[in-house]
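For the sequence shown, my numbering gives the first residue as 878, with consecutive numbering after it.
From the three backbone atoms N, C-alpha and C, an ideal C-beta is built for every residue, glycine too.
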Amino acid sequence: AVIEVPEPPDLRLPGGVGGDVPRPVIIQGGMGVGVSGWRLARAVSSAGQLGVVSGVGLDTLLVRRLQLGDPGGHLRRALAAFPFPGVAERILRLYFRAGGIEAGVPFRAMPRPSLGRSRPSAQVVVAANFVEVFLAKQGHAGPVGVNYLEKLQMSTPAAVYGAMLAGVDFVLMGAGIPAETPALLGSLAAGRPGEVTVSVQGGAPGKAVAAPEELFGAAPELGRPSFLAIVSSNMLASYLARDARTRPDGFVVESPIAGGHNAPPRGRLALDAEGQPVYGPRDVVDLEKMSELGLPYWLAGGQASPRSLLEALRVGAAGIQVGSAFALCRESGLDASLRQALLERAASGTLAVRADPLASPTGFPFQLASLPGTVADDEVYSKRPRVCDVGYLRAPYARPDGTIGYRCPAEPVADYIRKGGRAEDAVGRRCLCNGLIAAIGLGQRARGGDIEPPLLTLGQDLSFLGDLLTDGDGDYTAADVVGYLLDTHRATSAAGAPYR
């Protein structure tokens, strides 16, 4: 039988600085804190697909890299292009250290996110997102995206504004219900203040706002990027698509085996023999209903093969999103020694990746990749002092006197209980903020010489390595991943039918 692959009815999406932007077939996932950095996104976009930077924690990454002396001068080059030079000069004055700070000297920290974020710290968030997208867009004409977590509501408006100042083409958002993102993009594009509602535990919701004129004294009109909502059910997609105020330009449909955070199973939580959440028929996305929405969608989670791309196109998807294959490639932001250890264990079949229902302070299942010396190791986890000094996943809560406080289930247990948290909610929680930053080689350093242990995440399907690690040197590039996924010969060989 001949596999007929339908041509998409519309090959472009609305938005982008230059008007409509090309619709990609492959989206590179936005992973970790800095794993999907500008080098990886630039490599994927240069190969003709959608490179995506992770927008999580970019202010911390910027100031720590500046304190290390900005090797290569890339950050300073991007800051020189920032449209508000006075802000860029202040950031360099505060954080840049020629030659880098000495080993064993802790990094100077950014203020933790809050509803009352100061103007200077919000400016750093804007500048950091500008820098990452600006660098990702250099040297090619392809589109670039940025990925955010809806859970990080307090940072979202300022972060999105920075990416838009750099001309980002796509904004992707998951880990929640991003119903307010279309309005946020529209407001910021028009030079108006953009805001999102911030959940406050035990109290009335608050607002996180990015007001361009208040931040910088100017509010230029910007191109509106295309918005892709990351969903795990057709029902959520239908809810977002039914109203113009919440409707995205497309969807990424993620399965439970994707890396990082996953949506919890629907219904009562059950765990398998390894302690992983059990997903059932109610968690299967109805792709016919997705197609009926009339918006393009990409399939994610276990899609890293040419056969998967062919099948996605056959069922009506616009393509696939792939994360782990890019996370392990040469341009990945992962620390080089950790990446090599992951590759070696994955290639030998000895790497365990499991969905941990407790690890993330968000309450979402989180895929932990087990390596000795990382926080996935229970011994390393138990020896690490519980510290909350980065705070991206802190949740606002209402104090008895009506003021707002902040707490995180991964902070010191006594602190969490003192703030009204339940002791049982702190059991097993890992500090994702510090652990993921350490995974890219920027872990906080203690004066005694200790360095924050890393935390690693990948998807559960690593079968692609058998095809990518074939040249004998045990490594591969982002361009290799793109070429492999677009290899129609491999796809048709697996399908047993010609591609047409």
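Between the region 929-938 and the region 956-964, the count of Cβ pairs shorter than 8 Å is below three; the stretches do not touch. Using a Cβ distance threshold of 8 Å, Leu927 and Pro901 count as a contacting pair.
In the structure shown, Tyr1353 falls within a coil segment according to DSSP collapsed to helix, strand and coil. DSSP, reduced to helix, strand and coil, places Asp1233 within a strand of the structure shown. Annotated three-state conformation of Tyr1258 is helix, per DSSP. Separation of the CB atoms of Gly1022 and Val1045 is rounded to 7 Å, and the pair is thereby assigned contact status at 8 Å. Taking every protein chain shown into account, the CB of Gly932 has 16 or more other CB atoms within 10 angstroms, so this residue is buried.
Across the structure, Leu1105 and Gly1343 are spaced so that their CA atoms are roughly 31 Å apart. Per DSSP, the continuous beta strand (DSSP E) segment holding Met1050 begins and ends at 1047-1051.
Taken in chain order, the whole alpha helix (DSSP H) runs of length 4 or more contained in the region 1031-1114 are 1033-1042, 1058-1066, 1089-1093.
If you compare the alpha carbons of Gly1320, Ser991, Gly1178, Pro962 with that of Phe1203, the shortest gap goes to Gly1178. Annotation for Phe1011: no beta strand (DSSP E) segment contains it, though the alpha helix (DSSP H) segment containing it runs 996-1013.
Taking 8 Å as the cut-off, the Cβ atoms of Leu992 and Met1050 do not count as close.
The count of Cβ pairs closer than 8 Å, one atom from the region 1065-1080 and one from the region 1263-1281, reaches three, so the stretches are in contact.
Taken in chain order, the unbroken stretches of beta strand (DSSP E) that lie wholly in the region 1236-1291 and span 3 residues or more are 1243-1246, 1272-1275, 1281-1284.
Boundaries of the alpha helix (DSSP H) harbouring Gly963: 962-972, taken from the DSSP string. With a cut-off of 8 Å on Cβ pairs, the region 1202-1219 is not in contact with the region 1169-1176, counting fewer than three such pairs.
Counting C-beta pairs closer than 8 Å gives fewer than three between the region 900-914 and the region 992-1004, which falls short of the contact rule.
If you look at Gly1343, you'll find it isn't in any beta strand (DSSP E); it sits in the alpha helix (DSSP H) that goes 1342-1345. From the listed residues Ala1213, Ala1081, Leu1176, Arg1207, the smallest Cα separation to Ala1195 is found for Leu1176. Out of Arg1069, Glu1256, Val1073, Ile1197, the CA that lies nearest to the CA of Ala1095 is found in Arg1069. The Cβ atoms of Val912 and Phe1093 lie no closer than 8 Å to each other. Taking each of Ala1315, Val929, Glu1090, Ala1232 in turn and checking the Cα distance to Ser1103, the smallest one comes out for Val929.
Here the region 1141-1158 makes contact with the region 1227-1236; the two share three or more CB pairs at distances below 8 Å.
Between Val1073 and Glu1057 the beta-carbon gap is near 5 Å, inside 8 Å, which marks them as a contact. Comparing C-alpha distances from Gly981 to each of Arg954, Leu945, Val1003 shows the shortest one belongs to Leu945. As the crow flies, the alpha-carbon of Leu1117 is around 17 Å from that of Lys1028. For Gln1217, the enclosing alpha helix (DSSP H) has its first and last residue at 1213-1225. In terms of Cα proximity to Leu1362, the closest of Val1257, Pro1183, Gly1071, Gly1144 is Pro1183.
DSSP lists Ser931, Leu1049 as the beta-bridge partner residues of Asn1024. Within the same chain, and ignoring the five residues on either side of Ile1317 in sequence, the residues whose Cβ sits closer than 8 Å to its Cβ are Gly909, Val910, Gly911, Val912, Gly914, Leu938, Gly1210, Leu1211, Asp1212. The straight-line gap separating the alpha-carbon atoms of Arg1159 and Met1112 is approximately 11 Å.
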